Every structure is written in structure tokens, then in C-alpha cells.
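For what it's worth, this note's numbering labels the leading residue of the sequence shown as 2, then goes sequentially.
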Amino acid sequence: MVPIDSAPAPLSPAAETGTPPRAPTAILVVDDHDLLRLGVCALVQAQAASSGAHIEVFEAGNVADALALYETHQAAIGLVLLDLALPDTHGLSGLAEFRLRFPSARIVVLSGTGNTTLAQGVLALGAAAFLPKSADLKEVVSFIRACGLLDPLAGAAELPPPATPRALTGYAEFAHAGAWQELTPRQMQVLQWVLEGKANKEIAQLANLSEGTVKNHVSTILLLFGMRSRAQLISTLH
């Protein structure tokens, strides 16, 4: 039973007018290599033209520009193709920042590293898929099509299941599957600084924490990943 004093939730503009929300018609390609962005753009637009769809491709060479573009055009962008190795990122920091700012964004991570731990971390952080750059670009286009962005009649489709990189197919499970999911936002931040090679004192200054607190965070992170030292952690997650 609905309480008498409760009020119905306000309708969205689309609901008030009776018109359905516009389906996404664009993708955002984030990579610092011009050739890769050009290749994805050409393939996507060629596939879209053959099916009668219209799709716009936004491009960014770093996370800062990508976040600004997404903020402006998020209603149109149905998928973000995000490279991990960007000038203003380290490790998974770009993905983590994107997910923090825009938790509902559909993100497919492109990586030159087919590492099991990295792949698990990417999926645990909420990426829709992890695709190695060694794969054919047509596989990326196939994923975009599966999302409904290349079919003018499909609209916004449900995401296909997370993709396992071809080089990793056959593994029963990824290493450290639960570690990433156990990290708190603060521990994730500390982990990124550790991966950048920063000492506890530097991290304490950056995070406005005591060195003792930082040491406790680092110890917890090492325990979660089953590592004996910072060096082993950095070597494994890079």
C-alpha cells in the first residue's frame, strides 16, 4: 500500500511528452594513437553506412579530454572505447576515474596487455568488456553492433556478456578475482599511487593521511592480492 502522504516521482521530459528517449547514436574512442582512432572510426562508419544507420564518432587522446567530451555529449554516446595506456593515466586510473564520474557509462577497455590480473581488474571496475589491441578491429566493431549502435531499428540494446580476451580464453577463472572488488575507493587510490612508484610518505602527503594509515592500506592491499612485497605487486599488476 502506498502511504497517503507520498507523492509520485516527477516524470522525465520524455515521459511527460509521451515520446521515448533518444537512442544513443555515437561512440567515444579514447586512444593516444591517431592510427587506431582513425581505424576504428573508418570501420564503424563504413558498417553504419551499410546498414543505413548514422553514427557519430568522438575522439580523445587523453582521459581529461574524454571526460569533458562525455560530459557534453553523454546523452548521445552509447559506448566508450577506452585505452588504458594514456598520457594522463597509470594502470587502471583512467577507467577508475571514468567510472567514478560517470558510473552508468558503457566502457570497453582496449589494452596492449593480455594480462589475466589486469583483465579481471578491468571487469571488476565495471567495464563491459576487455579487448586486446592484438585482436582484429572488426571484433571491436562486432561488439559495437551487439550493443545495437549500428542497427537503426535496434535502439539501445542490452550489453552482450563481458568479453574475455582471445589470448586468455580457456582459463577457468582469472587470478585475484575478488581482490579488486574488495578494494575501497581509498584503497584503489592508494594502489594507483603505489603502482606509480610513490613511497608511503608521498602518498600520505597526497592523500592527507598519516604514514601509519597509508602503511595499513598498503598492507591490506598486499594481503588482498596475496603479494609479499610492493615490488611483486607492481610487477604483477603492470
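Every residue, glycine too, gets a C-beta built ideally from N, C-alpha and C. All figures in this text were calculated on a predicted structure; none of them were measured in a lab.
Based on Cα-Cα distance, which residue from the options lies nearest to residue i?
i: HIS55; options: ALA27, ASP33, ALA65; result: ALA27
i: THR114; options: ALA125, PHE131, ALA106; result: PHE131
i: PRO186; options: ILE222, GLY198, LYS199, ASN201; result: ILE222
i: PHE144; options: GLU57, GLN121, GLN188, LEU82; result: LEU82
i: GLY40; options: ASN217, THR237, GLU140; result: GLU140
If contacts are defined as beta-carbon pairs under 8 Å, then residue i and residue j qualify, I think. What distance do you get, rounded to the angstrom?
i: ASP89; j: VAL31; result: Rounded, the Cβ-Cβ distance is 11 Å, inconsistent with contact.
i: VAL215; j: ALA205; result: 5 Å
i: GLY98; j: VAL64; result: Per the sequence shown, the amino acid found at residue 98 is Glu instead of Gly. Rounded, the Cβ-Cβ distance is 6 Å, consistent with contact.
i: GLN190; j: ALA208; result: 7 Å
i: ALA86; j: LEU29; result: Rounded, the Cβ-Cβ distance is 17 Å, inconsistent with contact.
i: SER184; j: LEU210; result: Rather than Ser, the amino acid found at residue 184 in this sequence is Leu. Actually they do not touch by this definition, with Cβ atoms about 16 Å apart.
Per the DSSP calculation, residue i is bridged to which residue(s)?
i: LEU240; result: What the structure shows of the chain is the stretch from 2 to 239, and residue 240 is not part of that stretch, so it cannot be assessed.
i: VAL30; result: GLU60, LEU82
i: ILE108; result: VAL81
i: PRO186; result: Answer is none; PRO186 lacks a bridge partner.
i: LEU132; result: LEU111
Can you tell me the Cα-Cα spacing of residue i and residue j, whole angstroms?
i: CYS42; j: LEU96; result: 21 Å
i: VAL142; j: GLU212; result: 47 Å
i: ILE108; j: GLY127; result: 8 Å
i: ARG102; j: GLU203; result: 25 Å
i: ARG229; j: ILE235; result: 11 Å
i: LEU93; j: ALA47; result: 31 Å
i: PRO11; j: ALA106; result: Low local confidence applies: a pLDDT of 45 at PRO11 is under 50, so the model's placement there is unreliable, with the coordinate-based value given in what follows. Taking the straight line from one Cα to the other gives about 24 Å.
i: VAL195; j: ALA147; result: 37 Å
i: GLY227; j: VAL45; result: 42 Å
i: SER52; j: LEU36; result: 25 Å
i: VAL110; j: ALA129; result: 8 Å
i: ALA232; j: ALA200; result: 12 Å
i: HIS74; j: GLN188; result: 31 Å
i: GLU57; j: GLN121; result: 30 Å
i: THR119; j: ALA49; result: Reading off the sequence, residue 119 comes out as Leu, not Thr. For LEU119 and ALA49, the distance between alpha carbons rounds to 32 Å.
Could one say the Cβ of residue i lies closer than 7 Å to chain E's Cβ atoms, at least one of them?
i: GLY79; result: No chain E appears in the structure shown, which is made up of a single protein chain.
Considering only their Cβ atoms, is the gap separating residue j from residue i smaller than 7 Å?
i: ARG38; j: GLU60; result: yes
i: GLY79; j: PRO133; result: no
i: HIS91; j: GLU197; result: yes
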